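Position 223, counted from 1, in the sequence shown is what UniProt numbering calls 223; the numbers after and before it change by one each time, with no gaps.
Ideal Cβ placement from N, Cα and C applies to all residues, glycine included.
These numbers come from a predicted model, not from an experiment.
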Amino acid sequence: MANKLKKKTPPPPDPAKLKEDKEAQVSVKDVVKDERTTKIAGAVCLLLAIFLFIAFTSYLFTWQEDQDKARMGVHIFAADNLKVDNLFGALGAYVSHTFIANGFGLASYLFCTFFFVLGVNLLFGKKIFSLARNLRYLIVGLLVISVALAFPTKGSEFSWGGATGEMMSDWLVKVVGNVGTTLILALAVLSYVIWRFNPVFKMPQRKPKEVVPFVENDETENVVTNYPFVKGDSGIMDKETGVENNNRLKNDGKNVSVIMPKHDETSNDPIHAFEINEKEIAEDTGTITAIPPKEINDLYAEGLMNEVSGEEPAKAKSSKKNNTIPAEMELEIKDTVNDTEEAQGNHVTVHDDIEETGDETNDEEDEVYPSTNFRIPDGDYEPTKELRDYKFPSLDLLEAHGSEKIVHDPTELEANKNQIIATLKNYDIAIQRIAATVGPTVTLYEIVPAPGVRISRIKNLEDDIALSLAALGIRIIAPIPGRGTIGIEVPNVRKSVVSMKTLLASDKFQNNNFALPIAIGKKIDNENFIVDLASMPHLLMAGATGQGKSVGINALLVSLLYKKHPSQLKFVLVDPKKVELSIYRAIEKHFLAMLPGEEEPIITDTKKVVHTLNALCIEMDNRYDLLKEAGCRNIKEYNEKFVKRKLNPQKGHQYLPFIVLVVDEFADLIMTAGKEVEMPIARLAQLARAVGIHLIIATQRPSVNIITGTIKANFPARIAFKVSSKIDSRTILDAGGAEQLIGKGDMLVSYNGEITRLQCAFVDTPEVDRVVDFIGEQRGYPQAFMLPEYVDEKEMEGKDFDLSDRDPLFEDAARLIVQNQMGSTSLIQRRMKLGYNRAGRLMDQLEQAGIVGKNLGSKARDVLVHSETELQEILDTMQ
Ligand SMILES: Nc1ncnc2c1ncn2[C@@H]1O[C@H](COP(=O)(O)OP(=O)(O)OP(=O)(O)O)[C@@H](O)[C@H]1O
């Protein structure tokens, strides 16, 4: 076959055919499609536009001289010795006459615009101007302008409206008379003005002025409670004086008027609403359709003010529905979320459900556990019983930093808005609407682009906008998911600090049923970002040095301390930097967990970190064993069962506190211990969620060799403070943006597939000190929570046990095993509160003494002694 193929030499090419093919390649279609053809067509259109413009303009001055010649029609080109005055000679005169005199009069200039637009679009190969819109202008303009010009100039020598205009005007006069025609034309002009500029027609209202309710509470941190204005007809009134304040800012003679509350520079009163009359700008941009600016009343109607005043949302909604005219090109200051309860929250003590003991009688109240004579006590188990007197820290221990009120300069808002519009206009990007939401550190300008504007074009202007606003930290979100707008975040000149106190006092923090509530910060719309660490379930934090990581970690720890009882939560604190978390040493006997035999509860040494992480893995495995035995899927179900006394403590069951591992500076650990640290962290991250072990890991260096794929895959929730490069931002968030942040707690949180910009809550070291001292001074447990002991298998190998040198707890362990008839090391571990190492050693000694059988791997050993009498005999012989 192969030979056959080889032999079959291809026939020589037929020259005729070849020629045919070549010709086929350059078909007319291809020529038309060719980019160069389009460009040539563009150039032709541009030339045509210029030709028409010059010819028409020339015709305006030479029409009288050229009129007779132009009337010759095409014969003008054949005539000899004909002197034509038009700058374009006979052609110019003929074309101008055809378009202006025989056509549409001065409206014919619209053809110049049309060809210009068409030419530019074709030449640049993209839609720089909207052709459809220009075509609309052309058709409507030709009809309306020609009639509008022909009607009042009827009988004049020059044909202002052209033959078509005159014809239509005559027809209109015949049908509706002179008055009717005047009215129709006036209506057309008015409609155009309304459509184009959307002026405000306002009747003076006599309605009694409605007062926006406000709470008089000087201590409040809340924007609402200090709301100083009452709603007026045409402006905003000062709360105290009751004088209407029509403070209009003139914007550099641009006639941009801003109606806004009287703003005292020195006061921190928030700006709730103001309106910007955008007529001039709309005209300037040439692309923005102006619609009447929204009145302050409209802002109320849209619910912005209602939100603030706490009116029913339904009411707000209905007024919104009535206001169907879209407000365009006004800067609408969106009011932000307000937790009114925060106002009263300064002295709120955190209550938790831990006190709920319930009177419910236990179904299994009378049950006696089969293997022991242990009788279940009455009522539910109270995990908090041991530290019943424990008092939660009060909010007085925290400080309110600054005023917390959203401070914003209206001129800054106005200037930024104008800059954004101007920058976009420079790139010929038309926008329909712009709204601003003022947050603690940044203001979000939300833009609705005009139809047909490509989002990528705005996104690409990030640097240009940043340059024009002369501000760092500009971030463009194009589009904002689920909003249909494009967001431009611009840092505020005056930033407000978000106090931890405000967040902890908020209703969302006080009244949630999260297992591990953490207050992280405030969103741009001032909504508190409070989430459940248990559902996250682990958190990865990154940020360059000095950008707010330690403050962030403190915020998380403090929020947990405010909500959890020592019996419910334990921290394992790893601090290679040695100074960041040492402050928490005071709560060792309340909230800290550590390895048995250790003195220092905060782990700073890498070797000990490896042991601790492995101990946590053992704890995780032990907890899974307990859950399996109890038939529960997670710690919540398990603890509920335990509290209801459905699990036998004699069998090693116990109330399981949540364990939160905090690692400040993960990079350092990976550098020094590498895989030894990465493996247990990855294991914990993969599995520990269900058994109540959660990780918070922070690093300065979010590079790929530190945050490896395995680590990343298991930390779906991530926080990025300002990082030094876009690559770092990508490593941590899988998206850019963190390099654009402005530091000092400005952060991006990637959670539930969304990236949210937050201002991290600020809690200063003296505040943390006060909180930990308050807890530390109370009665605690005798010692820190003991993690299982971890010994390197290598260290264990080859160790023999001598019966004469047996453990002091040998007898107790033997009794426990015989009583339970279960040869399990973890039983000894749990019941006798021993580390894995010691429990294992005890089990080996029990084996040597013939009390238990050989190690059966994962199964419990056989118990060879079946009664306590028998055991006593063995013990006696060993004395
Ligand atoms: N949420 C915040 N609000 C206001 N200021 C903040 C906030 N977070 C941090 N800062 C400011 O930034 C400074 C540095 O913060 P922090 O010590 O947390 O940085 P870091 O990232 O932990 O730095 P390092 O890695 O060097 O320890 C703080 O002293 C504080 O002044």
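Check: Close beta carbons around Glu-824, own chain, < 7 Å, minus the five adjacent residues each side; Outcome: Checking the displayed sequence, the identity of residue 824 turns out to be Ser instead of Glu. If we look at Ser-824 and ignore the five residues flanking it on each side, its Cβ neighbours are Ala-860.
Check: Exposed unless 16 or more other CB atoms sit within 10 angstroms - verdict on Arg-806; Outcome: buried
Check: Ser-550 beta carbon near ligand 1 (any heavy atom closer than 6 Å); Outcome: yes
Check: Rounded separation between Thr-869 and Pro-808 - CA only; Outcome: 20 Å
Check: Where Glu-414 falls, given that 16 or more other Cβ within 10 Å makes a residue buried; Outcome: buried
Check: Bounding residues of the beta strand (DSSP E) (the contiguous stretch that carries Gly-89); Outcome: Taken as a continuous stretch (DSSP letters only), Gly-89 belongs to no beta strand (DSSP E), being part of the alpha helix (DSSP H) at 89-96.
Check: Given Ala-784 as reference, the closest of Leu-616, Glu-599, Gly-709 and Glu-640 once Cα atoms are compared; Outcome: Glu-599
Check: Assigned secondary structure, Met-671 (DSSP; H/G/I helix, E/B strand, else coil); Outcome: helix
Check: Beta-carbon contacts of Lys-549 that lie in its chain and below 7 Å, excluding the five residues immediately before and after; Outcome: Met-541, Gly-543, Ala-698 and Phe-721
Check: Candidates Ile-587, Ser-496, Asp-575 and Val-453: closest to Lys-425 by CA position; Outcome: Val-453
Check: Span separating the alpha-carbon of Leu-461 from that of Ser-468; Outcome: 10 Å
Check: Residue nearest to Leu-827 in terms of C-alpha spacing, selected from Lys-508, Ala-163 and Pro-788; Outcome: Pro-788
Check: Sheet register partners of residue 934 (DSSP bridge); Outcome: Absent from the structure is residue 934, since the part of the chain shown begins at 1 and ends at 879.
Check: For Tyr-427, the three-state DSSP class (helix, strand or coil); Outcome: coil
Check: Any non-hydrogen atom of ligand 1 within 6 Å of Val-574 CB; Outcome: no
Check: C-beta contact flag for Val-723 and Tyr-584 at 7 Å; Outcome: no
Check: Contact check, Asp-664 vs Leu-581, beta carbons under 7 Å; Outcome: yes
Check: Val-39 to Leu-123 span [Cα, whole Å]; Outcome: The sequence shown places Lys at residue 39, not Val. Each residue's Cα considered, the two are about 4 Å apart.
Check: Pro-449 in three-state terms, based on DSSP; Outcome: strand
Check: Unbroken alpha helix (DSSP H) run spanning Leu-110, endpoints; Outcome: 109-124
Check: Own chain residues within Cβ distance below 8 Å of Asp-389, not counting five before or after; Outcome: Gln-778 and Arg-779
Check: Near ligand 1: Gly-473 beta-carbon under 6 Å from a heavy atom; Outcome: no
Check: Spatial neighbours of Asn-86 in its chain, beta-carbon cut-off 7 Å, leaving aside the 5 residues before and after; Outcome: Ala-55, Ser-58, Tyr-59, Thr-62, Asp-66, Gly-92, Ala-93 and Ser-96
Check: Straight-line Cα distance separating Leu-118 from Val-28; Outcome: 22 Å
Check: Candidates Gly-177, Lys-154, Val-147 and Leu-187, of which the one nearest Met-168 by Cα; Outcome: Val-147
Check: Three-state secondary structure assigned by DSSP to Pro-152; Outcome: coil
Check: Status (buried if at least 16 other CB within 10 Å, exposed otherwise) for Arg-718; Outcome: buried
Check: Same chain only: Cβ atoms within 7 Å of Asn-134, ignoring 5 sequence neighbours per side; Outcome: Thr-113, Phe-114 and Val-117
Check: Contact test: Thr-545 Cβ vs ligand 1 heavy atom, cutoff 6 Å; Outcome: yes
Check: DSSP state of Val-723 mapped onto helix, strand, coil; Outcome: coil
Check: Simplified DSSP assignment, three categories, for Lys-321; Outcome: Because the pLDDT of Lys-321 is 37, which lies under 50, any placement of that residue in the model is unreliable, and the number read from its coordinates should be weighed accordingly. Correct three-state label for Lys-321: helix.
Check: Proximity test, Val-497 beta-carbon vs ligand 1 heavy atom, cut-off 6 Å; Outcome: yes
Check: Runs of alpha helix (DSSP H) lying entirely within the region 598-672, each at least 4 residues, in chain order; Outcome: 606-630 and 635-643
Check: Pair within 7 Å by beta-carbon distance, Thr-437 and His-565; Outcome: no
Check: Buried versus exposed, by CB contacts within 10 Å (16 or more), Thr-545; Outcome: exposed
Check: Simplified DSSP state of Ile-742, which is helix, strand or coil; Outcome: coil
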